[in-house]
Amino acid sequence: KVKLKFDAFRHVRTFSTADKPTVVEETTKTYPSTNDQKQCFDEMVECRKKEARSSVVVQVGNPSKSAALVNQVCSRHGNVANLFHYTHKDKELLLLEFDSELSAVNLLASCSHNNNVKVIPAASPFLWLKAMPSESSASVSARFPPVIREENLANDNLEDLLSNAKSISEQMIILEDQTRLSEIGHRLRWITCVQIERMLSGLFPSLQVLPFGSFVNGCGRNGCDLDMAVSLDGNCGSEPLEVKSPLIFQAKAAINNPRLQTQRHIEVFADILQNFTTGCTQVQRILQARVPIVKFYHEFTGVDCDLSMGSLTGVFMSELLYLYDKIDWRFRPLVTAVRHWGAWARLTDMVPGPRITNFTLTLMVVFFMQRRSPAILPTLGEMIKLARPQVDTRQTNDVDCTFLRDPSMFQERGKLNEESLEDLFIEFLRFIESFDFNERSVSIITGTALRKFDSKPLYVQNPLERELNVSRNVNLKELTRVVMEARNALYILETQEDQGPANWGLLALPRAERVRRLNPKTSHYNYVTQIDMKDLFSNDTDDEIDDLVEVKLS
Ligand code: GTP
Ligand code: MG
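All the letters of the sequence shown, read from the start, carry residue numbers -13 to 540 under this note's numbering.
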């Protein structure tokens, strides 16, 4: 019989048992929840959150020895559905998913805390397996699923794969496939969301944490950040608040200034994250930015996180991109190739500044695909017209985010266009090279190049908050570089000049020196070089740019 002693290490709740050797089986597996072309965004979110609430992460000494014992301990509380192994920095970690939420709740309730009085015993799904003397371990009999290890995270053979491809289209598929956020990467980000939600709901019982950005819209790459928005009342924009009882809590009066109130909330969140939340380090409060946020790094997942509050437009924007991804399979590999091209040519940057962002590039790809003949993607205007009453109605902070949330309506139509990925990538570069950015704006609402609404060098309309320009940060120098690099890439791809057998297609595009960020095993290549400090203080002097610079410097 395994003798169990539960203990905690710093804020990490632990359970203790002796290591016992076992075979770690490597396997790859696809998960239905990530591949369903019909699954709507809300279903995906619910499914992933449920999975996260049924999961824990356990730090172990030796995964091959400990996997069976971790499984043995956990099996007392329910069936273990999936077991993953990953490493981060010098930590060996097992991610274990039960087949029910209750099992995870029971396991956490059975864990004990470190009796070190200096540590605040906050509950967390991140646990630590305490080593025990070997004589205390006994037979390990519980049946457990194979341990799944992520492969190719460092993409060491990406260049070989690309050079052995038969066409640029195939290269684009390989690039998308090899750099896509891994299953463990997805799960760790969802577990982090659920962890933060649980921590903050101690103060705000109805609070929900909603992830957004590339991580949930399908365009996430290994190493991508985790963007989260907080809904204090748990209302996700779709339904009026349910009145549960005529009795209402007496609340402390709000500060009579919404922005100040948001800043106060963000400060409170930051304090909770910094002082009580396992794994949250390098907490930074960025209160003066247009959207106040708290940034932090999660040391058990290796993920950079941003938490904001107030508006859910970012979430609905991600839902829209998620739908475009479901509507046509070419969207994701094309976005991936364009984002890589942007990173290779140093058009995009890891930190805010005057360069074009991945988000702006993604909207340009949507616009481009809407304007193909026949159109591959529908305009947002079409999706708004077809919205179903109630089912598709969403509102946040007086911004109407209603649009059809059923991708199947447009899936057949996109098939009328048979252009290959290679043709689309080349045509996208041609579109960038020839578009009249001086006079015209990019709007995915109409799919037409309307006259610009402001004097910024680049105008890409925010499709949900229509009066905003998402590319207001881009200065003329950077826009000119985008156009020149598109011309350059077009020339290289079309003439295939100087291309050897190992250096052709995407590999022939100019690429900035590669820098591996974080641990090579848990991060992807980031094609960035040193930040040029001069770029921070380029021509733009707008308040918004000042905000961005402040973010960057902090
Ligand atoms: P990567 O993190 O680079 O992989 O891409 P991302 O799409 O997640 O971009 P980022 O983390 O910078 O931004 C997260 C989300 O915030 C985006 O997907 C958008 O929904 C939203 N967002 C980013 N930039 C802007 C902007 O300038 N204006 C508005 N309104 N929303 C933005
Ligand atoms: Mg992001």
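A virtual CB, placed ideally from N, CA and C, is assigned to each residue, including glycine.
- Any non-hydrogen atom of the ligand MG within 7 Å of CYS210 CB: yes
- Between LEU218, ASP314, LEU363 and SER192, which lies nearest to THR382 when the distance is taken from Cα to Cα? LEU218
- Query: So, helix, strand or coil for PHE286, using DSSP?
  - Reply: Coil at PHE286, not helix or strand.
- Mind checking whether GLY491 and GLN157 have CB atoms under 8 Å apart? yes
- Message: Measuring straight from C-alpha to C-alpha, what distance separates PHE423 and GLU413?
- Response: 17 Å
- Where DSSP assigns a beta bridge to TRP315, which residues make up the other side? Answer by DSSP bridge pairing: none, since TRP315 is not bridged.
- Item | Closest Cα partner of VAL337 within the set ALA361, LEU465 and ASP292 | ASP292
- Task: Would you kindly report the start and end of the unbroken beta strand (DSSP E) that includes GLU83?
- Result: For GLU83, the uninterrupted beta strand (DSSP E) segment begins and ends at 77 to 84.
- May I ask you to verify whether the stretch 20 to 40 touches the stretch 175 to 186, counting CB pairs closer than 8 Å and requiring at least 3? yes
- Which residues in the same chain as ASN585 place their Cβ atom closer than 7 Å to its Cβ, once the five residues preceding and following it in sequence are excluded? In the structure as shown, the chain begins at -13 and stops at 540. Residue 585 is therefore absent and cannot be evaluated.
- Item | Secondary structure of SER158, DSSP reduced to three states | What sits at residue 158 in the sequence shown is Met, not Ser. DSSP places MET158 in helix when its eight states are reduced to three.
- Host alpha helix (DSSP H) of TYR477 (start-end): 462 to 481
- Under a Cβ-count criterion, where at least 16 other Cβ atoms within 10 Å of its own Cβ denotes burial, should SER155 be classed as buried or exposed? buried
- Whose CA, out of PRO232, GLN247 and GLU162, lies closest to the CA of LYS238? GLN247
- Cβ distance (whole Å) where GLN45 is taken to contact LEU79 below 8 Å: 5 Å
- Who are SER406's beta bridge partners in DSSP? Paired residue(s): none; SER406 is not in a bridge.
- Message: Only counting the same chain, and skipping five residues up and downstream in sequence, which positions put a Cβ closer than 6 Å to that of CYS26?
- Response: ARG391
- Going by DSSP, name the residue or residues bridged to LYS281. GLN270 and ASP292
- Query: Which residues in the same chain have their Cβ closer than 7 Å to the Cβ of GLY433, if we skip the five residues on either side of it in sequence?
  - Reply: PHE353, GLN356, ARG357 and THR365
- Three-way DSSP call (helix, strand, coil) for ASP211 in this model: coil
- Would you decide whether PHE235 is buried or exposed? Buried here means 16 or more other CB atoms lie within 10 Å of its CB. exposed
- Which stretch, first to last residue, makes up the alpha helix (DSSP H) that contains HIS172? 169 to 186
- Below 8 Å between beta carbons: does that hold for ILE418 and ALA331? No, these two residues do not count as a Cβ contact at 8 Å.
- Message: Quick check on ILE517: buried or exposed, where buried means 16 or more other Cβ atoms within 10 Å of its Cβ?
- Response: With a pLDDT of 33 at ILE517, under the threshold of 50, the modelled position of this residue cannot be trusted; read the value that follows with caution. Flag for ILE517 reads exposed.
- Query: Thinking C-alpha only, which one of SER110, SER224, GLU29 and GLU404 is nearest ASP378?
  - Reply: SER224
- Message: Can you check which of these residues, ILE272, LEU402 and SER50, is closest to ASP257 by C-alpha distance?
- Response: ILE272
- Whole-number beta carbon distance between LEU415 and ALA475, since they are thought to touch under 8 Å: Taking 8 Å as the upper bound for CB-CB distance, ALA475 and LEU415 are in contact here, some 5 Å apart.
- Query: How many Å lie between PRO49 and LEU298 at the Cα?
  - Reply: 40 Å
- When the Cα of HIS99 is compared with those of PHE84, ALA90 and LEU115, which residue comes out closest? LEU115
- Message: Is GLY545 a contact residue of the ligand MG, with contact defined as CB to any heavy atom under 7 Å?
- Response: Outside the shown range of the chain (-13 to 540) lies residue 545, about which nothing can therefore be said.
- Which residue comes first and which comes last in the alpha helix (DSSP H) that contains ALA67? Here ALA67 belongs to no alpha helix (DSSP H); instead the beta strand (DSSP E) covers 66 to 74.
- Message: I'd like the list of long-range same chain contacts for SER359, defined as Cβ closer than 8 Å, with 5 residues on each side in sequence excluded.
- Response: For SER359, where only same-chain residues beyond five positions count, the Cβ hits under 8 Å are ASN403.
- Hey, would you say the C-beta of ASP335 is under 7 Å away from at least one heavy atom of the ligand MG? no
- Message: the ligand MG and ASP311: does any heavy atom of the ligand fall closer than 7 Å to the residue's C-beta?
- Response: no
- Classify GLN381 as helix, strand or coil using the three-state DSSP reduction. strand
- Of the residues LEU189, VAL289 and ASN65, which one's Cα is nearest the Cα of HIS172? Considering only alpha carbons, the answer is VAL289.
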